Amino acid sequence: MQVKKTVTNHSPISVSKTLRLAVIITCYNRLAKTLGCLEALYKQELPSNLEIQVYLVDDGSTDGTGEVVRSNYPEVNVLLGSGDLFWNGGMRLAFAEAIKYDYDYYLWLNDDTILYPEAISNLLTSSYALTQQGYVKTVVVGATQDAKTGLLSYGGMIASSWWHPLKFNLIKPDNHEVKPCSTINGNCVLLSREVVQAVGNLDPEFRHSTGDFDYGLRVHKQGGSVWLAPGYAGTCEYNPLRHQAWDEPNLTLRQRWEKINQPRGLPIREWKVFARRHAGPFWIFYWLLPYARLVLKSVSSHKLLA
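Counting from 21, one number per residue, gives the positions in the sequence shown under my numbering.
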């Protein structure tokens with residue numbers, strides 16, 4: 021039975037002390053999207069007692085992203101990456117810098133996410149209401165929708181299979197209530213200080229998209245909770261990075277193997293870490309399953325040779 025918690029009118033706006041929020045972003049060669057994200061961020065209708073500081077990693081962009089951001093938004097703390105950090109590495113670098121200053125809240129934000137004007141206030145209200153109900157180590161996910169279709173694109177994930185512990189599906193937000201989640205997409209995620217103190221940073225074992233799934237599951241293991249905020253927080257176009265390049269027809273086994281082991285794919289070493297950590301006593305089976313399917317796909321299509 022799915023548990024729901026009603027978001028009350030309690031809000032951190034009513035708290036007299038100043039609240040500090042660190043916004044964590046990483047980018048690479050998406051200048052227009054990065055600027056659009058920052059424009060929406062700085063147009064947020066924020067509580068009067070909230071101070072924000074943006075930490076943005078420019079991971080070796082060649083389109084001038086870092087320089088343009090510094091010029092247009094001098095208040096943004098721009099950090100330079102090595103050029104091969106990908107999402108998890110870039111977010112980890114920015115997150116590590118922000119953690120040094122012990123913020124009240126941290127917001128992960130994809131640079132292609134355009135927040136609605138009240139998004140941050142709504143996330144804070146949900147987090148504060150959950151804290152008042154005894155959920156101290158909280159993660160609150162903001163769902164995003166495709167700007168053209170209005171369809172759900174990213175947000176909170178729930179376990180979806182009785183036999184496969186690593187299968188998760190997106191869940192639609194309710195208009196009025198938060199919903200519990202198994203794990204998260206990292207596009208728009210609010211973390212309380214308490215959960216960051218307990219769980220720490222993203223894991224360096226992962227380079228790209230598995231890091232957010234891992235973090236959400238680690239939150240539960242540290243006694244925290246993950247929730248999907250009511251409504252939509254903004255727009256973000258769905259990007260089927262790895263769904264699934266290695267399943268394309270007419271590929272040889274070698275081609276499939278190369279595609280699945282790219283950082284944006286399902287690298288075998290990273291998936292081993294994830295499976296061993298979260299799949300239970302039969303983790304080896306769930307670790308090897310996608311690669312066995314890859315071989316079978318090649319056999320069935322008679323494309324075994326390069």
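Ideal Cβ placement from N, Cα and C applies to all residues, glycine included.
A quick note: this is a predicted structure, and the numbers were derived from the prediction, not measured.
| Item | Value |
| --- | --- |
| What is the DSSP secondary structure of glutamine 282, counted as helix, strand or coil? | coil |
| Just to confirm the assignment, what range does the beta strand (DSSP E) spanning threonine 38 have? | Run containing threonine 38: none; DSSP gives neither H nor E here. |
| Would valine 43 and leucine 127 qualify as a contact pair, given that the criterion is a beta-carbon distance under 9 Å? | yes |
| What's the C-alpha gap between threonine 158 and isoleucine 178? | 16 Å |
| So the candidates are Gly109, Cys208 and Ser173; which of them puts its Cα closest to the Cα of glutamate 225? | Gly109 |
| Excluding the 5 residues preceding and the 5 following arginine 40 in the sequence, name in chain order all residues of the same chain whose CB lies nearer than 7 Å to its CB. | Glu71, Tyr123 and Asp124 |
| Give me, in chain order, the residues of the same chain whose beta-carbon lies closer than 8 Å to that of serine 245; leave out the 5 immediate sequence neighbours on both sides. | Leu150, Tyr155, Lys157, Thr158, Val159, Pro200 and Val239 |
| Alpha carbon to alpha carbon, how far is proline 310 from arginine 274? | 15 Å |
| Would you say glycine 206 reaches chain D, if we count a Cβ-Cβ gap shorter than 9 Å as a contact? | Chain labels in this structure do not include chain D; a single protein chain is all it has. |
| Looking only at C-alpha atoms, which of Gln217, Leu248, Glu138 and Glu65 sits nearest to leucine 190? | Leu248 |
| How big is the Cα-Cα spacing for glycine 206 and threonine 133? | 11 Å |
| Given a cut-off of 9 Å, decide if glycine 80 and glycine 101 are closer than it, judged by their beta-carbon atoms. | yes |
| On the DSSP letters alone, give me the boundaries of the alpha helix (DSSP H) that tyrosine 235 sits inside. | 230-241 |
| Exposed or buried, which one is serine 202 when buried takes at least 16 other CB atoms within 10 Å? | buried |
| Between aspartate 232 and the rest of its own chain, which residues show a CB-CB distance below 7 Å, the 5 nearest in sequence each way excluded? | Ile204, Asn205 and Gly206 |
| Take the Cβ of proline 94 as the centre, count every other Cβ of all protein chains shown within 10 Å, and call the residue buried at 16 or more, exposed below. | exposed |
| Measuring straight from C-alpha to C-alpha, what distance separates phenylalanine 305 and asparagine 142? | 41 Å |
| Once DSSP output is grouped into helix, strand and coil, what is the label at glutamate 95? | coil |
| For tryptophan 291, count neighbouring Cβ atoms within 10 angstroms of its own Cβ and tell me buried if that reaches 16, exposed if not. | buried |
| Would you give the residue range spanned by the alpha helix (DSSP H) that lysine 292 belongs to? | 288-298 |
| Tell me the rounded alpha-carbon separation between leucine 325 and alanine 312. | No answer about leucine 325 holds up, because its pLDDT of 48 lies below 50 and its placement is not dependable. |
| Inspect the beta-carbon positions of tryptophan 266 and isoleucine 280 and report whether they are closer than 9 Å. | yes |
| Once you ignore the five residues that flank aspartate 194 on each side, which residues in its own chain have a CB closer than 6 Å to its CB? | Pro250 |
| Measuring CA to CA, which of Asp223, Cys47, Leu99 and Leu61 is closest to valine 293? | Asp223 |
| Using CA atoms only, rank isn't needed, just tell me which of Ser318, Glu65 and Gln282 is closest to alanine 139. | Glu65 |
| Checking the sheet assignment: what are the DSSP bridge partners for serine 212? | Tyr125 |
| Threonine 255: which of Leu211, Leu210, Ser173 and Glu197 sits nearest, CA to CA? | Ser173 |
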